[in-house]
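One structure is given below, encoded as structure tokens.
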Ligand SMILES: Cc1cc2nc3c(=O)[nH]c(=O)nc-3n(C[C@H](O)[C@H](O)[C@H](O)COP(=O)(O)O)c2cc1C
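Numbering (my numbering), first residue to last: 164 to 587.
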């Protein structure tokens, strides 16, 4: 007997028409992960093409790139891709082609790190306000920021718009604005990091102005069916920070901005809920998908399609999140570094076991830093055509991480002396 409820179930393999008119072939997305695989000038390399060709074979309907920065003076991590006027559009096109080679759509994630830029990059950081991190570890990792001027803020709004136009010209299907995880756009949204009293801060409406202006700047420069997505925190999980209520207000404002997909996530470098730091949860779905609860509340107010990422790893949970209508798209990040075919398995209905036992230091912050490094190293293996190395331990992870940082520092000082070769 087919009930009315059963017939309304949505299958992971069904396509999704976005408000801009583009049609995603299925409901699984690879969420953004910084690849650190550009060359020193921010140009995508052949390694990035190989990586995305591999992910393309894995069956996801949408591949969202790792964060691409809009200002070469402000990288989030070493070897980020940089998109600005005069960049190598042909290299970006090759990257997009590789990602689209099996029918997936590819969106470029646009970001500015603000105060959350690694100290080792050796640049002065900027932020809505000159608010330093509170803990010693974060102060050691990130340099103190200076406050952006109003003129610089307007320039950044334009940079996001121009970068989206370049992405479109290069053949990307869309962009995602990174408004989460404590980077610049989310620094504007949070009362903890935005203490401005001008048009860009002061109350919730003025704090969200930067995000809205960035979206309008992008929309004014791209055509249809080019998609524009936003990755937004459900909350910062910090005392005095961006709350669930603030987040809901932003969603309501985004309803008027022709957003094609709203990705729900949470946390910042100081409160990294996004990599599973919250202990809780009753149902299997909520235990695995960290922000599922919030997604259900957003569903009640959001007019645009929703994507949920954070913790999702089993095909059964992916299926139920989409089938029960809580979200339209499920996003997977870390598991894609070990199981690039996870989307294909989920679409076929296989229940792939993705559990991996890993060494831990037991020190929370060290483990978090190493978690990122460990996954970036798996990404680098995939980009080199190697199999994943799930048994990689703490020592090798730390050494490879230090090696990447040293290579960057060495190249930077060579560049200063005019000795730099551009390729990695
Ligand atoms: C190595 C690594 C790099 C990441 N880089 C980005 C990024 O560039 N942009 C972004 O929005 N999120 C980034 N994330 C966060 C993921 O997109 C995702 O939100 C988070 O890992 C939780 O999802 P997961 O449990 O499926 O991994 C990164 C995560 C990892 C592990």
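Positions of the beta carbon are idealized from the N, C-alpha and C atoms, including for glycine.
Because the structure is a prediction, the values reported are computed rather than measured.
Could you tell me whether the Cβ atoms of residue i and residue j are closer together than 9 angstroms?
{"i": "residue 362", "j": "residue 313", "result": "yes"}
{"i": "residue 311", "j": "residue 270", "result": "no"}
{"i": "residue 287", "j": "residue 308", "result": "yes"}
{"i": "residue 385", "j": "residue 328", "result": "yes"}
{"i": "residue 388", "j": "residue 183", "result": "yes"}
{"i": "residue 400", "j": "residue 353", "result": "no"}
{"i": "residue 572", "j": "residue 285", "result": "yes"}
{"i": "residue 132", "j": "residue 264", "result": "Here the chain comprises residues numbered 164 to 587, so residue 132 is not present and cannot be evaluated."}
{"i": "residue 243", "j": "residue 277", "result": "no"}
{"i": "residue 273", "j": "residue 192", "result": "no"}
{"i": "residue 458", "j": "residue 474", "result": "no"}
{"i": "residue 496", "j": "residue 194", "result": "yes"}
{"i": "residue 617", "j": "residue 462", "result": "The structure shown does not extend to residue 617, since the chain is modelled only from 164 through 587, so no value can be given for it."}
{"i": "residue 266", "j": "residue 505", "result": "no"}
{"i": "residue 551", "j": "residue 515", "result": "no"}
Looking only at its chain, what residues have a beta carbon closer than 7 angstroms to the beta carbon of residue i, apart from the 5 residues adjacent to it on each side?
{"i": "residue 448", "result": "455, 480, 483, 484"}
{"i": "residue 372", "result": "362, 363"}
{"i": "residue 522", "result": "556, 557"}
{"i": "residue 570", "result": "none"}
{"i": "residue 208", "result": "200, 201, 202, 587"}
{"i": "residue 554", "result": "none"}
{"i": "residue 407", "result": "397, 398, 457"}
{"i": "residue 304", "result": "281, 282"}
Between which residues of its own chain and residue i is the CB-CB distance below 6 angstroms, once the five residues before and five after are set aside?
{"i": "residue 378", "result": "420"}
{"i": "residue 412", "result": "367"}
{"i": "residue 215", "result": "261, 262"}
{"i": "residue 324", "result": "380, 381, 384"}
{"i": "residue 374", "result": "342, 348"}
{"i": "residue 502", "result": "517"}
{"i": "residue 500", "result": "538, 541, 542"}
{"i": "residue 177", "result": "none"}
{"i": "residue 300", "result": "528"}
{"i": "residue 197", "result": "229, 230, 240"}
{"i": "residue 595", "result": "Residue 595 cannot be examined here, being either before or after the span of the chain that is shown, 164 to 587."}
Since residue i and residue j are thought to touch, with beta carbons under 8 angstroms apart, how far apart are those beta carbons, to the nearest angstrom?
{"i": "residue 526", "j": "residue 465", "result": "At roughly 38 angstroms, the Cβ-Cβ gap does not stay under 8 angstroms, so residue 526 and residue 465 are not in contact."}
{"i": "residue 187", "j": "residue 179", "result": "5 angstroms"}
{"i": "residue 426", "j": "residue 472", "result": "6 angstroms"}
{"i": "residue 358", "j": "residue 292", "result": "4 angstroms"}
{"i": "residue 546", "j": "residue 322", "result": "Not really, about 27 angstroms apart at Cβ, beyond 8 angstroms."}
{"i": "residue 334", "j": "residue 259", "result": "4 angstroms"}
{"i": "residue 486", "j": "residue 173", "result": "6 angstroms"}
{"i": "residue 492", "j": "residue 302", "result": "At roughly 37 angstroms, the Cβ-Cβ gap does not stay under 8 angstroms, so residue 492 and residue 302 are not in contact."}
{"i": "residue 247", "j": "residue 332", "result": "About 13 angstroms; that fails the 8 angstroms criterion."}
Excluding the 5 residues preceding and the 5 following residue i in the sequence, name in chain order all residues of the same chain whose CB lies nearer than 8 angstroms to its CB.
{"i": "residue 290", "result": "277, 278, 308, 309, 310, 311, 347, 350, 356"}
{"i": "residue 423", "result": "181, 182, 183, 185, 337, 390, 391, 392, 467, 468"}
{"i": "residue 560", "result": "533, 536, 537, 540"}
{"i": "residue 524", "result": "530, 533, 557"}
{"i": "residue 268", "result": "185, 187, 188, 224, 225, 226, 336, 337, 390"}
{"i": "residue 418", "result": "464, 465, 466, 467"}
Got a sec: does ligand 3 put a non-hydrogen atom nearer than 8 angstroms to the Cβ of residue i?
{"i": "residue 492", "result": "Ligand 3 is not among the ligands present in this structure, which contains only ligand 1."}
Would you say the stretch 393-411 touches the stretch 338-349, given that touching needs at least three Cβ pairs under 8 angstroms? yes
For the stretch 508-528 against the stretch 227-243, do three or more pairs of beta-carbon atoms, one drawn from each stretch, fall closer than 8 angstroms, so that the two count as touching? no
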